[in-house]
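Residue numbers (UniProt numbering): 1 to 280.
C-beta: ideal position from N, C-alpha, C; glycine also.
Below you'll find the structure, written out as structure tokens, and then a few comments.
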Amino acid sequence: MDEMENLKKSGYALWEKRTPMTRKHINMVVEAYGKFHAISVAMKDQKPEKFQQLLDSLEKFEANHPHIQHLFRRTLEEVYDLLKGELNEDILQKWKNLKDNLESDTHDGKENLSGLQVITHGDCWNNNFMFHVDDETNLPTKVSILDWQLSKLSSPIYDLSYFLFACISEEDLKDFDAVLQTYYESFSNHLRKMGSDPEALYPLSQFLIEWKKYSNFGIMFSSLIAKMLSVNNDDLPDFTEAAENGKHITDAFNIDIKDKTKFKNRMKTIVQFVAENDLI
């Protein structure tokens, strides 16, 4: 909390969490993630022993914990039921198939993850970003990323897909390839500045292949975030209270949405997009 208060005093503010981010905000965050992930790759390439020491200091968070598996499964089913009659059955069946692949899609242990692995942020919903806004233009000039407790060794796609499908607007989905390009340009430019070769370590072609392979993780998380942001403030989950009462953190997501219109509309947009782009 001290960090957040200090940032507020320096002119930073949280984005309104119920509103999709503007394109300027989206680009700023994906550029920051590109830089952050590039640091991992450069460190692993140039100073592997120090990188391993850093990994050893991270607490482990497993997305395939039974409680989390159950939470994903329940939410995927809820979205499927909500969108019956709203989308054609071929699209809905693709969404339903996510449940069958749930364990492999959420298991990000080193023994099951191929491709590039970096230290990830892991908590990429829109309440974890503070922006410094220019007083004259009212445009963001800097971003600060908050809450790093879930950082772990994983695919950079996990951060990118989680953030984008939780925070991007319907309008900017139409220009999605350009957003991915913005991320990769930031990643490759920063990696090059740090003395490593992006073409050798993570070429654009590999990034795009892994985007198709691992974006399921963020797609599933988007349903949880969309649900949470569709409830009234008074009904938002209290994770601290759940922990103090000896419950698993996922129990706090047992919430009922009084008006499901916003949840349905958001997930209709996301499900249709990911199905039509062969991400599920």
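Cβ pair residue i, residue j closer than 9 Å
i	j	result
residue 125	residue 167	yes
residue 128	residue 147	yes
residue 156	residue 25	no
residue 82	residue 263	yes
residue 271	residue 15	no
residue 165	residue 91	no
residue 122	residue 209	no
residue 42	residue 196	yes
residue 275	residue 87	yes
residue 169	residue 22	yes
residue 113	residue 154	yes
residue 207	residue 180	yes
Assigned secondary structure, residue i (DSSP; H/G/I helix, E/B strand, else coil)
i	result
residue 202	coil
residue 120	strand
residue 114	coil
residue 57	coil
residue 87	strand
residue 229	coil
residue 258	coil
residue 17	coil
residue 153	strand
residue 95	helix
residue 126	helix
residue 101	coil
residue 211	helix
residue 81	helix
residue 280	coil
Unbroken beta strand (DSSP E) run spanning residue i, endpoints
i	result
residue 140	140-145
residue 297	In this structure the chain extends from 1 to 280, so residue 297 is not present and cannot be described.
residue 173	Here residue 173 belongs to no beta strand (DSSP E); instead the alpha helix (DSSP H) covers 170-173.
residue 14	12-14
Neighbour-count burial assignment, residue i, 16 or more Cβ in a 10 Å radius
i	result
residue 120	buried
residue 13	exposed
residue 6	exposed
residue 216	buried
residue 138	exposed
residue 135	exposed
residue 278	exposed
residue 85	exposed
residue 67	exposed
residue 176	exposed
residue 140	buried
residue 222	buried
residue 284	There is no way to answer for residue 284, as the model of the chain reaches only from 1 to 280.
residue 20	buried
residue 230	buried
residue 178	exposed
residue 243	Caution applies to residue 243, whose pLDDT of 49 falls short of 50 and renders its modelled position unreliable; the value that the coordinates give is listed next. Residue 243 is exposed by the Cβ-count criterion.
The alpha helix (DSSP H) enclosing residue i, as first and last residue numbers
i	result
residue 161	156-167
residue 180	176-193
residue 39	23-46
residue 270	261-276
Rounded Cβ spacing between residue i and residue j (contact assumed at less than 8 Å)
i	j	result
residue 198	residue 188	4 Å
residue 30	residue 269	Residue 30 to residue 269, Cβ: 19 Å. No contact.
residue 76	residue 99	5 Å
residue 79	residue 267	5 Å
residue 40	residue 118	4 Å
residue 132	residue 34	Contact doesn't hold; Cβ gap of about 19 Å is too wide.
9 Å Cβ cutoff, residue i in contact with chain B
i	result
residue 220	The chain inventory of the structure shown lacks chain B, comprising one protein chain alone.
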